[in-house]
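Participant:
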Amino acid sequence: DEQGISFTSGTIIAGTLTVSKQSSELTNTPSILTGTFGSNGGQIAINCSGFASFSSSTSGNVCGVARTDPTIVIRLYDISGGANTLVNQQTFTGSTSCFYDRETNKSFTEYIVNGSFTFFDNGNNTSNRSYRAEATINNIPLNPLNNRNQRLSILTQEA
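Note that the sequence shown covers residues 1239 to 1397 in our numbering.
1. According to DSSP, is N1384 helix, strand or coil?
2. Contact defined as beta carbons within less than 8 Å: I believe I1378 pairs with A1290. What is the distance between those atoms, to the nearest angstrom?
3. From N1441 to S1295, what does the alpha carbon distance come to, in whole angstroms?
4. Tell me whether V1351 is buried or exposed, calling it buried when 16 or more other Cβ atoms sit within 10 Å of its Cβ.
5. Please classify T1306 as buried or exposed, where buried requires at least 16 other C-beta atoms within 10 Å of its C-beta.
6. So if DSSP puts L1393 in a beta bridge, which residue, or which two residues, is it bridged to?
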């Protein structure tokens, strides 16, 4: 404040449960599991997000070659109590670009796709639960691996 006395302001939220996991495994079918966690019986918001990109350079002008835009399909499973129930699935379409540099006689190609969704578990019970996020990434080269970058994330929060 004006008299030099420090203070803290903000909000304390009691009882908020959050679990998050992230994977950067380089595969066309990544999967992550939250692990089992308890609940206070409130609504649980589960956010799943995925991202993949690939860039390369090739000698000559190959930009006229037809390419298919990449896609990522993200699936969310409720695996509580031994079940394996698909509760949400969404497909996202990315883009492909190519640039030819006449001076170096190289083509630079980039593929990129990303997407996310939020699912609300309205079960409102206190039983232990667990979720799994899976993705299928299509039309993005996998090799060489050092040209690929990707993430699959899951975040759950109960208020």
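All C-beta atoms, glycine included, are put in the ideal place defined by N, C-alpha and C.
Since the model is a prediction, treat every value here as computed from it, not as a measurement.
Facilitator: Quick look at the numbers:
1. What you label residue 1384 is simply residue 146 of the sequence shown in a count that begins at 1. Helix at N1384.
2. The sequence position of residue 1378 within the sequence shown is 140, counting from 1. The sequence position of residue 1290 within the sequence shown is 52, counting from 1. Yes, I1378 and A1290 are in contact; Cβ-Cβ is about 5 Å, under 8 Å.
3. Any property of residue 1441 remains undetermined from this structure, which presents the chain solely from 1239 to 1397.
4. The residue labelled residue 1351 in the question sits at position 113 within the sequence shown. Per the 10 Å Cβ criterion, buried.
5. Locating residue 1306 in the sequence shown gives position 68, counting from the first residue. Its Cβ having fewer than 16 others within 10 Å, T1306 is exposed.
6. Position 155 of the sequence shown, counted from the first residue, corresponds to residue 1393. S1258, N1285, per the DSSP bridge assignment.
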